[in-house]
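Worksheet: the structure to be examined is printed underneath.
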Amino acid sequence: MSLMKFLFAVYPYICLTVFVVASWIRYDYQQYTWKTDSSMLLSKKSMVVASNLFHIGILSIFGGHFAGLVLPHGLWLGLGISDMSHQWIAISAGIVFGLMCLVGGAMLWWRRMFNPRIRATGRKNDMFVISWLMITLLLGLMTVPFSIGHANHNDPSVMLLLAEWVKSILLLNPQPELLATVDPIFRAHIFFGMTVFLIFPFTRLVHILTAPLSYVGRAYQIVRTKRRIV
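Read in order, the letters of the sequence shown correspond to residues 0 to 229 in numbering that gives the first Met the number 0.
Right, here's the structure in full:
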């Protein structure tokens, strides 16, 4: 088996299987560890700005990847959006939200790395996961000049090949040969992106999958002070 076939025909399924199975097991058996582990109480300086920039950026990037790579090609054409318009939308949104995520992520990385209180109470995998996300993001931003070059030559072929490869994975018909001609930086970004799903269940990233919706409908908690009885 060639490295190309392993990375882009087998490895995606390893990542997705670990993502689903390990997340399920952790939620079922280790719910106490299923939390954000926020460090805001230890240091609020720049935390709100950094956190908002990072989370808005990364969630928008994920949504953009889903819309651009997973939604049917015909849907975009049906909405009157040509392949070239689609590519310029992807480039513009990628730059805006990518830079937002980069600034916020860099602030969070610096805080976790050089704030003594955060560093002393943090875990090694917290530092690892923010570093991995930042590398993945940087690789994604490095693809932008290539995408602009393709767009300037009215060539949406790479974007279409990437979308076709993603769909081939989801349809259980992997076609790694679709990525053979794309620029190596795209393949590097894809590898790091897939690995995020692999490490996901073992990090604080799991909090993305849940929301405290039960808080909305639950009864109010009554707190009584302890009174001294004479």
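Where is the CB? At the ideal position from N, CA and C, for every residue including glycine.
In the structure shown, Gly216 adopts helical secondary structure according to DSSP, grouped into three states. Phe18 sits close to Phe196, with the two beta carbons spaced by under 7 Å. A direct Cα-Cα distance of roughly 45 Å separates Leu76 from Arg217. Exposure of His152 is indicated by the presence of fewer than 16 other C-beta atoms within 10 angstroms of its C-beta. A straight line joining the alpha-carbon of Gly67 with that of Ala162 spans about 7 Å.
Taking a C-beta distance under 7 Å as the contact criterion, Phe53 and Gly104 qualify as a contact pair. Residues of the same chain with a CB within less than 6 Å of the CB of Met3, apart from the 5 flanking positions on each side, are Pro175 in chain order. For Val102 and His188, the gap between their C-alpha atoms comes out near 19 Å. Restricting attention to Val222, Val20, Thr32, the CA atom closest to the CA of Arg203 is found in Thr32. Contact between the stretch 145-159 and the stretch 81-89 is established, with three or more Cβ pairs separated by less than 8 Å.
Counting only the Cα atoms, Arg223 lies some 52 Å from Ile13. Within the same chain, Cβ atoms closer than 8 Å to the Cβ of Leu132 are found at Ile57, Gly104, Val195, the five residues on either side in sequence being excluded.
A Cβ-Cβ separation of about 27 Å leaves Gly79 out of contact with Gly139 under the 8 Å criterion.
Look at Gln174 here: in three-state DSSP terms it is coil, with no helix or strand label. If you look at Met133, you'll find it in the alpha helix (DSSP H) that goes 123-141. Judged by beta-carbon spacing, Leu159 lies beyond the 7 Å limit of Val181, meaning their Cβ atoms are not closer than that value. In the three-state scheme derived from DSSP, where H, G and I count as helix and E and B as strand, Lys4 is classed as helix.
Counting along the chain, His152 sits inside no alpha helix (DSSP H), nor does DSSP assign it H or E at all. Taking 7 Å as the cut-off, the beta carbon of Ser45 is found no closer than this to the beta carbon of Met112.
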